[in-house]
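For the sequence shown, our numbering gives the first residue as 3, with consecutive numbering after it.
Beta carbons: idealized from backbone N, C-alpha and C, even for Gly.
If you're wondering where the values come from, they're calculated on a predicted model, not measured in any experiment.
Have a look at the structure below before the remarks.
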Amino acid sequence: MPYTRYMTDNDLTLPFDEPEKPVEKLMTVTEVNRLARHKLETITVKVQGEVSRLNSNYPYYVYFDLRDSEAALPAVVPRRVYDALGFPLKEGDAIVVEGMLSLFERQGRYQVKVTTMRPFGEGELQQRIEALKRKLQAEGLFDEARKKPLPLFPERIGLVTSTRGAAIRDVIVTIRRRFPPARVFVRGVTVQGTTAPAEITAGLRLFDEKWPVDLVILARGGGSLQDLEPFSTEAVARAVAAMKTPVITGIGHEPDVSIADLVADRRASTPTGAAEAAVPDRAEVGTRLAKSAAALSRHTGSELRNSRSTLNGIGSRPLYRRRETLLAAMMQRWERAASALPGSPVRGLQRARHRIDSLAARPVFSGAASLLMARSALLSASKEAAARAAKRFIELRRSGLDRTLASLEAMSPLAVLERGYSITFAGKTGRAVRKADEVKEEDSLRILLHEGELRAKVTGKEPESGG
């Protein structure tokens, strides 16, 4: 028989055996991974790293690893998020992702589910610049048709640059060497940093509005993409596009192309190149002037020879060799006209007086009164004849009208009514009743008399008599 102990607790006695061992609770691998996934998915992280093992061959998700110098973090991004990126994703890109930590339960693989992604450092800046390029290009700010031509021989040149860099020295030295007559006016500005765009735009407006020049050079030396960022801002680009004065840019080195370069009227790869594009070379100008002088001399000599030949030909004509003979006939005509000139007014007055006397002798002027009386008598006779004809016409018309009126009165129903007759109308239709069959008993009637009318009702009908 086994040994049994009893213990009392509040007057209750229970049997007490050997203490039971605690039950061991075990979990499956799936349960552990699910628990870990639920815990991880409460954590949202923003991670910067380098793209590696990029795999975009699946239809719904894109997979890659984020790496730094010591570790890797698997990442998965939905295809719709990947396709909506504004930049191409490739191996080695530095990016920043934001998403939720998670666990792929089947493999126990720890990962981050990406919701947003952007480039890191220069990549992010390059993305902003590319977006601004697309916007300004859509507005037509890069079109060649809107760019202004440069003056051939500028006398006043505005330079917007830093006064502490090498660009100012390169531009001024190049302009003095190539085209000494040109004067350079410098507006010192900050060419990098947050205040640079405002200072650059103010410098451009100064030369365009308050200090007129023939053209403006916007220049700075080389640098990183961040250093050149002010020249790819929207404010600077729109300021360059709004300039009425032609603008040449010389920003950075050969590979560097800012948005200001694309908007400017002329883009040079360096500040020195901008200065060379702004002014002609002194030696080239001298060569061009020498060619122009030689051409002018040849043209002048040819014109002089042609003019001398023409003059010799004119001098050999008969008019110039026998002037007296050719002018004799003209001189005689002039002398006859001069001698006849004093008597010409007298003869003119005599002809005018004779013409007036002839006109005055005509009957219309000599017997004007008798002609007027005859015309007046004829007019009076015509008026009397017209009055008599009108009177006869009216009397004939009145007589015809009286006859017509008598006929109408004889045929008028009112004349019949005046003789004691009446006209009966049906009350329903308002039509004249000609036969007894056109109405029924109890129908209302309206009887029109010579003076007034009567209201009646049909109480009986007599059939039409046969004879």
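One or two residues paired with residue i in a DSSP bridge
i	result
L456	I449
F66	A77
F181	Paired residue(s): none; F181 is not in a bridge.
V186	I159
Secondary structure of residue i, DSSP reduced to three states
i	result
T461	coil
P80	strand
E440	helix
N314	helix
K246	coil
I1	Since the first and last residues shown for the chain are 3 and 469, residue 1 lies out of range.
S164	coil
R480	Only positions 3 to 469 of the chain appear in this structure, which leaves residue 480 out of reach.
T192	coil
R148	helix
A2	This structure gives no information on residue 2, because the portion of the chain shown stretches from 3 to 469.
V25	coil
D11	Caution applies to D11, whose pLDDT of 49 falls short of 50 and renders its modelled position unreliable; the value that the coordinates give is listed next. The answer is strand: DSSP assigns D11 an E or B state.
F395	helix
T197	coil
N57	strand
G51	strand
R421	coil
V281	coil
R158	strand
T426	strand
T6	With a pLDDT of 44 at T6, under the threshold of 50, the predicted position of this residue should be treated as unreliable, and no value is reported.
P153	coil
F18	The predicted model places F18 with a pLDDT of 49, which falls under 50 and marks its position as unreliable, so this point remains unresolved.
G142	coil
R377	helix
T406	helix
E337	helix
R355	helix
G469	Note that G469 scores a pLDDT of 43, beneath 50, so its modelled location is shaky; the value from the coordinates is reported in the next line. Reduced to three states, the DSSP call for G469 is coil.
T30	coil
S309	helix
E411	helix
E286	helix
E386	helix
S71	coil
Anticipated Cβ contact below 8 angstroms, residue i with residue j, distance rounded
i	j	result
G223	A168	5 angstroms
R180	V281	5 angstroms
A263	I253	Note on identity: in this sequence residue 263 is Asp, with Ala being the wrong assignment. 6 angstroms between Cβ atoms; contact.
V238	V249	Actually they are not in contact, since the Cβ atoms of V238 and V249 sit about 11 angstroms apart, beyond 8 angstroms.
T247	L217	6 angstroms
R185	I159	7 angstroms
T426	I449	5 angstroms
T176	T274	5 angstroms
A279	V173	About 11 angstroms; that fails the 8 angstroms criterion.
K2	E444	Because the chain here runs from 3 to 469, residue 2 falls outside it and cannot be looked at.
E107	V53	About 25 angstroms; that fails the 8 angstroms criterion.
Closer than 8 angstroms: residue i CB and nearest the ligand FMN heavy atom
i	result
V188	Looking at this structure, you won't find the ligand FMN or any other ligand, since it has none at all.
Is it the case that the stretch 106-123 contacts the stretch 75-84, given that we only count it when at least three CB pairs across the two stretches are under 8 angstroms? yes
Okay, do the stretch 389-399 and the stretch 417-433 touch, 3+ Cβ pairs below 8 angstroms being the bar? no
Starting from the N-terminal side, write out each stretch of the beta strand (DSSP E) that is 3 residues or longer and does not extend beyond the stretch 83-132. 96-106 and 111-121
Scan the stretch 201-273 and note each continuous alpha helix (DSSP H) run of 4 residues or more that stays entirely inside, going in chain order. 236-243 and 261-265
Report yes or no: do three or more beta-carbon pairs, one from the stretch 134-146 and one from the stretch 54-72, lie closer than 8 angstroms? no
Report yes or no: do the stretch 97-109 and the stretch 44-57 share at least 3 C-beta pairs separated by less than 8 angstroms? yes
Indicate whether the contact test is met: 3 or more Cβ pairs, each with one atom in the stretch 183-197 and one in the stretch 291-304, closer than 8 angstroms. no
Taking 8 angstroms as the threshold, find out whether the stretch 191-209 comes into contact with the stretch 305-314 through three or more Cβ pairs. no
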